Amino acid sequence: MDKTRLGIGLVVGVLVMQTVASLVWSADATLTGIALAFNAVAAVSTVLFVRRGGQAAWVVAGWCAGFFGWHVLGLGELAGWWTTGLDAAFLVGAGYQVSVVYQAVMATAAGFAVHLLLPRQRQVSET
6 MDKTRLGIGL VVGVLVMQTV ASLVWSADAT LTGIALAFNA VAAVSTVLFV
56 RRGGQAAWVV AGWCAGFFGW HVLGLGELAG WWTTGLDAAF LVGAGYQVSV
106 VYQAVMATAA GFAVHLLLPR QRQVSET
């Protein structure tokens, strides 16, 4: 499997998980609406990226970088490293442990998606 397909698979996984989490566990209707809007725009960007044969990967990688940042922010909030006042936005499911695992998994998946989707320069050996 090539890197772009794996990256797209991670993007789709992040979008699906975020959408489900927003619909099932959101504490606030406004946060749910904002999350669904961001996920919808990211999904459209991903579909356009796939249809164009992988051109403009930076757009989808940018969305993933945003998702990465959001989940790192949530992980730091839950770990007590900083306080944003958004702790209700980062709680998932029934408890703290589930929320920490969710934020860590989502941050890792989004980070790998960025890594896999960014274009690479070809290396030419001098031998």
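Each residue of the sequence shown is one higher than the one before, starting from 6 at the first, in our numbering. Glycine included, C-beta positions come from ideal geometry on N, C-alpha and C. Treat the numbers as computed from the prediction; the structure is a model and nothing was measured.
Looking only at its own chain, which residues have a Cβ that is under 6 Å from the Cβ of residue i, when we skip the five neighbours before and after it?
i, result
"residue 26", "97"
"residue 12", "118, 121, 122"
"residue 2", "An answer regarding residue 2 cannot be provided, because it is not within the stretch 6 to 132 covered by the chain."
In its own chain, which residues sit with a C-beta less than 8 Å from the C-beta of residue i, not counting the 5 before and 5 after it?
i, result
"residue 103", "97"
"residue 30", "96, 97, 98"
"residue 9", "59, 62, 121, 122"
Are the C-beta of residue i and some C-beta of chain C separated by less than 8 Å?
i, result
"residue 75", "In the structure shown, chain C does not exist; there is a single protein chain."
Using a Cβ-Cβ cutoff of less than 7 Å, which residues in the same chain neighbour residue i once the five nearest sequence positions on both sides are dropped?
i, result
"residue 95", "79, 82, 83, 104, 108"
"residue 68", "47, 50"
"residue 124", "62"
Exposed or buried, which one is residue i when buried takes at least 16 other CB atoms within 10 Å?
i, result
"residue 192", "Residue 192 lies beyond the range of the chain shown here (6 to 132); nothing can be said about it."
"residue 40", "buried"
"residue 51", "buried"
Review point. Taking the runs of the alpha helix (DSSP H) that are 4 residues or longer, which of them lie wholly in the segment 34-85?
Key: 34-56, 62-84
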